[in-house]
Structures are given as structure tokens and as C-alpha cells.
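According to mature numbering (1 follows the signal peptide of the UniProt record, and there is no 0), the residues represented by the sequence shown are -20 to -1, 1 to 156, in order. A virtual CB, placed ideally from N, CA and C, is assigned to each residue, including glycine.
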Amino acid sequence: MMRILMTVLLAGFLAGCASSVVTDYQSRTAFSDYTTWAFAPDQESGGFLSLDGQRVREAVARELGGTTLKRADEAEADLLISWRIQEEDRLEQSGVGLGFGFGHGNFGWGITAPPPIREVTEGKLIVRLADRESGEVVWQAISRRYLRETQSPETRQRIIDEVVSDMFSQYPPELN
């Protein structure tokens, strides 16, 4: 029993540490022409910014502070930055299927049991940079991570910081 528990904990730890960021951008965009940015209005409905929303804003501002882009008022910014956090449930197979069989010659019989399936909740962070004048998205990054309601505020902050850092390490695209 302890062996199974350790395997599950190790798999959860490794999966929780993995960060995969997918980026997309308009190839005809000259990213060097952009010099200023601002957050797009209406980031979250309801009028209040969630705790994770505040963490995302701070992380994005920190990452962009280390670039040549300067923060500006929304009306003067070249780029408007929007983001969204989505929770998605999906089914995940863990472990291996078990089976046995017997046979003789050209004939045989077997039976298998599929691997256990469980429902996991993932958080998907989508960050988009849009040209203010045209209103078109010119760059976007998407990343997924496991979510747990029991995560401490420090853990959530660390995860968001890592994800946003991974995202903006791929901006601007022509430098990669």
C-alpha cells in the first residue's frame, strides 16, 4: 500500500512540475514596432479581480518590466494584454492495464483489465497580446497545470509566476 501511495505522490509531483507552454502568433507582425503595453479592460466579470487574477496581473507586469516594452495608459498603449483562467476537467488514465491469458498452438484466450481512470482538474491560463489599433491578437500563450483547492497561496503564486515566466520567455517570437 505504501509503495502505491509513493508512486501516486511521485507521479503527481512530476506532473505538477511539468509546464508546457504553447504559443501562437501572427507571422506578419513586426514585434519590434511595439513599445508600450497596458492591460485590456474587463479582465474578469463581476467587477472584482480574483486572487489568482491579481497574481497573474502581477506576474505579467513583472515579466514585461524586464523587456523593452514600457507600461502605458490603455488609450496610448501599442499592445493590450488580456488573460483568462479556465478550469477544465478531463479523464486521465494512470497505471497500466493488467491481463492474463493461456493458449496452446494457434488458439488462446485472454482477459485484461484497463488501467484505472480518474477525473483531474487542470487550470488553463491563456495570455493574449492584441494590437490596440487593429484589435487583432498578435501573440498568445497557453499553459496547463493541475489545480488543487488545497494549494496554499504561496504555492499558487509560485506556479503562476513559473507559468507566466515560461510564457514570456517565448516573446517576442523572432528572438527564439
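Problem set entry | Phe80, buried or exposed, once every other Cβ within 10 Å from all chains shown has been counted against 16 | As a position in the sequence shown, residue 80 is number 100, starting the count at 1. Its Cβ having fewer than 16 others within 10 Å, Phe80 is exposed.
Exercise. What residues match up with Tyr126 in a beta bridge as DSSP calls it?
Worked result: Walking along the sequence shown from the start, residue 126 turns up at place 146. Glu102.
Exercise. Around the Cβ of Met(-19), are there at least 16 other Cβ atoms within 10 angstroms (buried) or fewer (exposed)?
Worked result: Within the sequence shown, residue -19 is the residue found at index 2, counting from 1. With a pLDDT of 47 at Met(-19), under the threshold of 50, the predicted position of this residue should be treated as unreliable, and no value is reported.
Exercise. Of the choices Met147, Asp53, Gly88, Thr48, whose alpha-carbon is the least far from that of Ser123?
Worked result: By one-based count along the sequence shown, residue 123 stands at place 143. It is Met147 whose Cα lies nearest to the Cα of Ser123.
Exercise. For the beta strand (DSSP E) that Arg64 lies in, which residues bound it at each end?
Worked result: Residue mapping note: residue 64 aligns to position 84 of the sequence shown, counting from 1. Boundaries of the beta strand (DSSP E) harbouring Arg64: 59 to 73, taken from the DSSP string.
For this session: Please go through the same chain and pick out, in chain order, the residues whose beta-carbon is closer than 6 Å to the beta-carbon of Trp63, but skip the five residues on each side of it.
Result: Position 83 of the sequence shown, counted from the start, is the residue given in the question as residue 63. Around Trp63: Val36, Val107.
Problem set entry | Per-residue burial, Thr9 [other beta carbons within 10 Å of its own, 16 or more giving buried] | What you label residue 9 is simply residue 29 of the sequence shown in a count that begins at 1. Buried.
Exercise. Quick one: any contact between the region 42 to 60 and the region 73 to 91, if contact means 3 or more CB pairs under 8 Å?
Worked result: Under the 8 Å Cβ criterion, the region 42 to 60 does not count as touching the region 73 to 91, having fewer than three qualifying pairs.
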